[in-house]
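Chemist:
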Amino acid sequence: MGRPRALRGNAPAALVLLAVLVAPSVLASAEATSPPVLPVADGSLLLSGLSAPVLAPGASGSLALILSDPLQAPLLGLRLTVAWYEFNAYPGNATGPLPSDVPTLSAAGSSGPSVTLLVASLDSGASVGESVGVSTDAAAPVGTYALRLSVTFAANGTSYLFESRGFFSAAAWSAATSAPGGASTLNLSALGVSGVVPETAVLVRQNPYPPVLWAILAAAIVLAAAGGYVAWRPGPGSRSGASGPRPPSQAPRAFGKRRTRDGD
Numbered sequence: 001m002g003r004p005r006a007l008r009g010n011a012p013a014a015l016v017l018l019a020v021l022v023a024p025s026v027l028a029s030a031e032a033t034s035p036p037v038l039p040v041a042d043g044s045l046l047l048s049g050l051s052a053p054v055l056a057p058g059a060s061g062s063l064a065l066i067l068s069d070p071l072q073a074p075l076l077g078l079r080l081t082v083a084w085y086e087f088n089a090y091p092g093n094a095t096g097p098l099p100s101d102v103p104t105l106s107a108a109g110s111s112g113p114s115v116t117l118l119v120a121s122l123d124s125g126a127s128v129g130e131s132v133g134v135s136t137d138a139a140a141p142v143g144t145y146a147l148r149l150s151v152t153f154a155a156n157g158t159s160y161l162f163e164s165r166g167f168f169s170a171a172a173w174s175a176a177t178s179a180p181g182g183a184s185t186l187n188l189s190a191l192g193v194s195g196v197v198p199e200t201a202v203l204v205r206q207n208p209y210p211p212v213l214w215a216i217l218a219a220a221i222v223l224a225a226a227g228g229y230v231a232w233r234p235g236p237g238s239r240s241g242a243s244g245p246r247p248p249s250q251a252p253r254a255f256g257k258r259r260t261r262d263g264d
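Quick note, the sequence shown lines up with residues 1 to 264 if you use the numbering used here.
See below:
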């Protein structure tokens, strides 16, 4: 009965020893699974040309973007994921969770709150344009719907991961972008990614220009054009053949010719 008590008494020391022995291997494993870091500028080169639509509730549009290969090797198995992650209501300017009737994304035959685009390969320096459909419900709340994007691919047998700002918490982002002395930086290793790509948002608002206003504007343009033609066309000439005086070659001066002081 004494021996088990001795073992229980030494249990904390045994656990500490086990932790010391296991911790290095765990850290090494975590570092091995982290994607390699690439130059910070590669994020904006990899994904660019983001163009998001402004939609009225019930309308549809498309999100456009360009994928490019900034490396000196082909990119294989590109996987681009686009997903909603935050909503900023209007009016009120209050950021919060997504509403239940979030706009639908569609691409490559799939649709939902997130979609994935696949590109088999992309040569070094090459680019390809992609688009994602966006459709809103007639009852969609008015406001800004934020989209986050991530890109994964392989190059030279190594896997890379790029994510946009929406994947990181405020605390993680602040820690990775703050440097001593208040200088700005971007610590990709702290974020656990190869790089950061831009993200965008879709604005849903009531149409401020209904069809009737467009019709009124078109009619006003036609009337203005007709009035301009009537005003500038030459009048009928004299039947007797006489002509009027020649138009002045210089415009009259507002201040006259003998202005000697202010107010003359």
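Cβ atoms here follow ideal geometry from the backbone N, Cα and C, with glycine treated the same way.
According to DSSP, what are the bridge partners of Ile66?
Modeler: The residue labelled residue 66 in the question sits at position 66 within the sequence shown. DSSP output for Ile66 lists Ser48 and Gly129 as bridge partner(s).
Chemist: Using alpha carbons as the reference points, say which of Ala201, Leu46 and Leu147 lies closest to Asp123.
Modeler: Against the sequence shown, residue 123 aligns to sequence position 123. Nearest of Ala201, Leu46 and Leu147 to Asp123, Cα basis: Leu46.
Chemist: Looking at the secondary structure, which residues open and close the beta strand (DSSP E) in which Ser121 lies?
Modeler: Numbered from its first residue, the sequence shown carries residue 121 at position 121. Here the beta strand (DSSP E) through Ser121 covers Ser114 to Leu122.
Chemist: Would the segment 139 to 158 count as touching the segment 71 to 88 if we require 3 or more Cβ pairs under 8 Å?
Modeler: Yes, they touch.
Chemist: Using DSSP's beta-bridge definition, name the partner residues of Glu163.
Modeler: Indexing the sequence shown from 1 puts residue 163 at position 163. Paired residue(s): Ser150 and Val196.
Chemist: Whole-angstrom Cβ separation of Glu199 and Ser169, contact assumed at under 8 Å?
Modeler: For the purposes of this step, residue 199 is taken as the residue at position 199 of the sequence shown. For the purposes of this step, residue 169 is taken as the residue at position 169 of the sequence shown. About 15 Å separates the two Cβ atoms, so there is no contact after all.
Chemist: Ser62: which of Ala190, Gly133, Val197 and Gln206 sits nearest, CA to CA?
Modeler: Counted from its first residue, the sequence shown places residue 62 at position 62. The option with the nearest alpha carbon to Ser62 is Gly133.
Chemist: To the nearest angstrom, report how far apart Thr177 and Ala171 are at their CA atoms.
Modeler: The count along the sequence shown starts at 1 and reaches residue 177 at position 177. The count along the sequence shown starts at 1 and reaches residue 171 at position 171. Those two C-alpha atoms are separated by around 10 Å.
Chemist: Which of the three DSSP states, helix, strand or coil, is assigned to Gly109?
Modeler: Residue 109 sits at position 109 when you count from the first residue of the sequence shown. Of the three classes helix, strand and coil, the one that applies to Gly109 here is coil, per DSSP.
Chemist: Whose C-beta lies closer than 6 Å to the C-beta of Thr104 among residues of the same chain, with five residues either side of it excluded?
Modeler: By 1-based counting over the sequence shown, the position of residue 104 is 104. Excluding residues within five positions, the ones whose Cβ falls inside 6 Å are Ser111 and Ser135.
Chemist: Identify the residues that DSSP records as bridge partners of Ser60: which are they?
Modeler: Locating residue 60 in the sequence shown gives position 60, counting from the first residue. DSSP, once it has assigned bridges, lists Ser135 as partnering Ser60.
Chemist: Should Ala140 go down as buried or exposed, given a rule of 16 or more other Cβ atoms within 10 Å for buried?
Modeler: By 1-based counting over the sequence shown, the position of residue 140 is 140. Classification of Ala140: buried, given that the 10 Å Cβ count is 16 or more.
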